[in-house]
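Asks: So the protein sequences, as listed, match chains V and H. Residue numbers for the first sequence follow our numbering, beginning at 1 and rising by one. Residue numbers for the second sequence follow our numbering, beginning at 224 and rising by one. All C-beta atoms, glycine included, are put in the ideal place defined by N, C-alpha and C. All values reported here derive from a predicted model rather than from experimental measurement.
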Amino acid sequence: MNRVQSPPQIQNRIDLQRVADMIEPGSRVLDIGCGDGALLDYLVHFKQVDGRGIELSQEGVNRSVSLGLAVVQGDAETDLHNYPSDAFDYVILSQTLQSIYDVRGTLDELLRIGRHAIVSFPNLGYWRVRFDLLMHGRSPMSEKLPFIWCDSPNIRFFTLTDFVNLAEDMGLGIDRIVSIDHAGRATPRNGVGLWTNWLAEEAIYLLSRGTSSASAEAPPGER
Amino acid sequence: MSVVSNTGAPTSDSIAVEPAVTDLPGHTIVLGETEPLELASGQRLGPFTVAYQTYGTLNADKSNAILLCHALTGDQYAAEAHPITGKPGWWDTIIGAGRPIDLDRYFVICINVLGGCMGTAGPKDINPKTGQRFGLDFPIITITDMVAAQKMVIDHLGIDKLFCVTGGSMGAMQVLEWAARYPERVFCAIPIAGAARHSAQNIAFHEVGRQAIMADPNWNGGNYYEQAESPHRGLAVARMAAHITYLSDSALHRKFGRELQDRTDVSYGFDADFQIESYLRHQGSTFVERFDANSYLFITRAMDYFDQAAEHDGVLANAFGDTPVRFCLISFTSDWLFPTAESRQIVHALNAVAASVSFVEIETDAGHDAFLLDEPEFFRILSGFLTGAAELRGLNGDKVAP
Chain V
1 MNRVQSPPQI QNRIDLQRVA DMIEPGSRVL DIGCGDGALL DYLVHFKQVD GRGIELSQEG
61 VNRSVSLGLA VVQGDAETDL HNYPSDAFDY VILSQTLQSI YDVRGTLDEL LRIGRHAIVS
121 FPNLGYWRVR FDLLMHGRSP MSEKLPFIWC DSPNIRFFTL TDFVNLAEDM GLGIDRIVSI
181 DHAGRATPRN GVGLWTNWLA EEAIYLLSRG TSSASAEAPP GER
Chain H
224 MSVVSNTGAP TSDSIAVEPA VTDLPGHTIV LGETEPLELA SGQRLGPFTV AYQTYGTLNA
284 DKSNAILLCH ALTGDQYAAE AHPITGKPGW WDTIIGAGRP IDLDRYFVIC INVLGGCMGT
344 AGPKDINPKT GQRFGLDFPI ITITDMVAAQ KMVIDHLGID KLFCVTGGSM GAMQVLEWAA
404 RYPERVFCAI PIAGAARHSA QNIAFHEVGR QAIMADPNWN GGNYYEQAES PHRGLAVARM
464 AAHITYLSDS ALHRKFGREL QDRTDVSYGF DADFQIESYL RHQGSTFVER FDANSYLFIT
524 RAMDYFDQAA EHDGVLANAF GDTPVRFCLI SFTSDWLFPT AESRQIVHAL NAVAASVSFV
584 EIETDAGHDA FLLDEPEFFR ILSGFLTGAA ELRGLNGDKV AP
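(1) Is the Cβ of glycine 611 (chain H) closer than 8 angstroms to any Cβ of chain V?
(2) Counting Cβ pairs, one atom from each stretch, are 3 or more of them under 8 angstroms apart for the segment 397–417 of chain H and the segment 311–329 of chain H?
(3) Measure the CB-CB distance between alanine 435 (chain H) and alanine 412 (chain H) and report whether it falls below 8 angstroms.
(4) Does the CB of serine 225 (chain H) have a neighbour CB from chain V at under 8 angstroms?
(5) What does serine 225 (chain V) touch in chain H if you count any residue whose Cβ is under 7 angstroms from its own?
(6) Given a threshold of 16 other Cβ atoms within 10 Å of its Cβ, counted over all protein chains shown, does methionine 224 (chain H) qualify as buried or as exposed?
(7) Opposite isoleucine 204 (chain V) in the DSSP bridges: which residues?
(8) Hey, is arginine 322 (chain H)'s beta-carbon within less than 8 angstroms of any beta-carbon in chain V?
(9) Who does histidine 250 (chain H) pair with in a DSSP beta bridge?
(10) Near tyrosine 528 (chain H), which residues of its chain fall below 6 angstroms by C-beta distance, leaving aside the five closest residues on each side in sequence?
(11) In the DSSP assignment, find the unbroken beta strand (DSSP E) run with proline 188 (chain V) in it and report its ends.
(12) Quick one: which residues of the segment 80–98 of chain V get their C-beta closer than 7 angstroms to a C-beta of chain H? List them in chain order.
(13) Please go through the same chain and pick out, in chain order, the residues whose beta-carbon is closer than 7 angstroms to the beta-carbon of alanine 372 (chain H), but skip the five residues on each side of it.
(14) Look at the Cβ atom of leucine 573 (chain H), then the Cβ atom of phenylalanine 594 (chain H), and state whether they are nearer than 8 angstroms.
(15) Can you round the beta-carbon distance between glutamine 73 (chain V) and glutamate 565 (chain H) to whole angstroms, since I take them to be within the 8 angstroms contact cut?
(16) Is arginine 185 (chain V) close to chain H, meaning its C-beta is less than 8 angstroms from at least one C-beta of that chain?
(17) Could you give the distance in angstroms between the alpha-carbon of proline 153 (chain V) and the alpha-carbon of phenylalanine 147 (chain V)?
(18) Of all Cβ atoms in chain H, is any one closer than 8 angstroms to the Cβ of glutamine 58 (chain V)?
(19) Quick check on the burial criterion: 16 or more other C-beta atoms within 10 angstroms. Buried or exposed for tyrosine 101 (chain V)?
(20) Taking all protein chains shown into account, do 16 or more other C-beta atoms lie within 10 angstroms of the C-beta of leucine 560 (chain H), making it buried, or fewer, making it exposed?
(21) Between which residues of its own chain and leucine 475 (chain H) is the CB-CB distance below 7 angstroms, once the five residues before and five after are set aside?
(22) Run through DSSP, which three-state label would aspartate 515 (chain H) get?
(23) If we define contact as Cβ-Cβ less than 8 angstroms, is valine 49 (chain V) a contact residue for chain H?
(24) Would the beta-carbon of methionine 22 (chain V) fall within 8 angstroms of that of leucine 206 (chain V)?
(25) Does leucine 69 (chain V) get closer than 8 angstroms to chain H when you measure Cβ to Cβ?
(26) Where glycine 457 (chain H) and isoleucine 569 (chain H) are concerned, what is the direct C-alpha to C-alpha distance, given to the nearest angstrom?
(27) Could you please give the first and the last residue of the uninterrupted alpha helix (DSSP H) stretch that includes glycine 60 (chain V)?
(28) So is asparagine 619 (chain H) in contact with chain V if we call contact Cβ pairs under 8 angstroms?
(29) How big is the Cα-Cα spacing for isoleucine 289 (chain H) and cysteine 387 (chain H)?
(30) Quick one, which of H:Thr245, H:Gly249, H:Glu258 has its alpha-carbon nearest serine 237 (chain H)'s?
(31) How big is the Cα-Cα spacing for arginine 112 (chain V) and arginine 549 (chain H)?
(32) Consult DSSP for glutamine 98 (chain V) and reduce its assignment to one of helix, strand or coil.
(33) Considering Cα atoms alone, identify which of H:Tyr300, H:Pro306, H:Thr343 is closest to threonine 251 (chain H).
(34) Can you name the residues that DSSP bridges to methionine 162 (chain V)?
(35) Tell me which residue opens and which closes the alpha helix (DSSP H) that valine 19 (chain V) is part of.
(36) Rounded to whole angstroms, what's the CA-CA distance from alanine 587 (chain H) to glycine 607 (chain H)? Just pull it up for me.
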């Protein structure tokens, strides 16, 4: 593969590209649930990060390591305790939080081993999802929530506002929020208001230890 | 390693080994002449001979060297026809143009381990103090000792930093020991189908093999070299038992099942009725042509004594603190001799020190021997990891001039 000539964008993955945009060049990064290594490969080659990955699926691990990436087979919920504190500048958990049993414990671990955590997840508050449940009385399915309820690995259903509230409750700082709508448009947000929670199909949060600027605007009726 | 008298002569308490006269291909070097090697047992070895083989070309800044560490019954002939058996080298499929270890890019070194029988000092060599073969008087060797001797060879070749150290099984133990002892001398390490300690089950299998050798009347307390008959039967049984542990139940079933050997019905006797029996007997009888029974005792013992955590207050991670080495561990699903759990323990220890580590488990029914076989997924991983590491080491593009 001639990486020099590949465009400096991650193909077909606007969400990963927005995650990558949050990362300072040359930093130490752990990508949990790194899939086939697309984000990590981009970060290593275009942001010169010292990158590591954890991936549950053997196929994903093998593909990542074939790319020359430092990826191990492992589980976000059981294997993070092996890592020392402050080992990374950024710990990334993309589209995985919704399938984790111990959400608080995992978030604590992310911010123990990393100075920052970058968390992305699908938004249950997205209007099509709400509409689906309201009008059809069925558990919502969408591009971002593609599983039928009984086969879904997703065990946590939460909204952008829910997550802001959890972060506040845990005393975590939210440094940045980027919402992504159905068309793949990414918008930086200072907080999560009523409309953001309606329109975002998914969101990315940059978290740090301790409180910070961005917060939920506490839309009435949404708390 | 201890500093000894600067007179240039080994101290009187160091064990000298007379160089064996062989016409084997490759290189030999006499080490420990002025400064003996201090062994883990406390004994000192020197001077002693080490035999090694190289493939490819060392580049100008000596940054493209890959050290291959061979397994229990392997030797330095990794990528050429074996000088005794004529069979292809044990990693012939991995080394060469267009293969994971591309000789257009890398320089490969493979060293016969201490205690071995292919040119490096071992129990079949002569003790100059007595004029007799060492036999069991040869000093007990450990994995650490093997690696220390290898480092002396690498020093001799003027290589400051090996690009990669890799090997499977006992080779993986040496890889781990290289990374733990000489992290500044290793850029990346690929321990394959290995473990940071030899398990009780593995010690047990080794003990069966050793007892089979010692039970052979021709073994004669290890002093069989001047006899007409060597303990070939005992060594063959040891090899047969060990060979089963290198395979898997499903691989044996797939290859042999209950098929009969050159007959249509069982013989109601103890001939090799079944193909698997015939296969094992063949494995045993060909092995004894090229391997020394006492070497088998010494090398299996070295593996048994291997326990990296024990040498670091019981904490494996302590063996690798702040390591700059980039690791890639590979295990195989059906390997029950060095199961994936052993590699995973090493991965956890490396994670604990935030080391750069890749870890892959390859799906195969070939068992422990998978690291010696044609496993495309394994080759892809090896090739991908090496290429990525070579990029970081600045080795890409500049093929070595012949």
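Replies: If we stick to the structure as given:
(1) yes
(2) no
(3) no
(4) A caution first: serine 225 (chain H) carries a pLDDT of 39, below 50, which makes its placement in the model unreliable, though a value can still be read off. Judged by the 8 angstroms Cβ criterion, serine 225 (chain H) is not in contact with chain V.
(5) There is simply no residue 225 (chain V) to check, as chain V begins at 1 and stops at 223 in what is shown.
(6) Only weak support exists for where methionine 224 (chain H) lies, its pLDDT of 38 falling under 50; the value from the coordinates is given anyway. Burial call: exposed.
(7) V:Ser120, V:Val178
(8) no
(9) H:Tyr275
(10) Thr365
(11) 186–189
(12) Asn82, Tyr83, Pro84, Ala87
(13) Leu254, Leu260, Val273, Leu337
(14) no
(15) Between glutamate 565 (chain H) and glutamine 73 (chain V) the Cβ distance is about 14 angstroms, and since that is not below 8 angstroms, they are no contact.
(16) no
(17) 8 angstroms
(18) yes
(19) exposed
(20) buried
(21) Ile499
(22) coil
(23) no
(24) yes
(25) yes
(26) 35 angstroms
(27) 58–66
(28) no
(29) 5 angstroms
(30) H:Glu258
(31) 24 angstroms
(32) helix
(33) H:Thr343
(34) Checking the displayed sequence, the identity of residue 162 (chain V) turns out to be aspartate instead of methionine. Aspartate 162 (chain V) is not bridged to any residue.
(35) 14–21
(36) Contrary to the premise, residue 587 (chain H) reads as threonine rather than alanine in this sequence. Those two C-alpha atoms are separated by around 19 angstroms.
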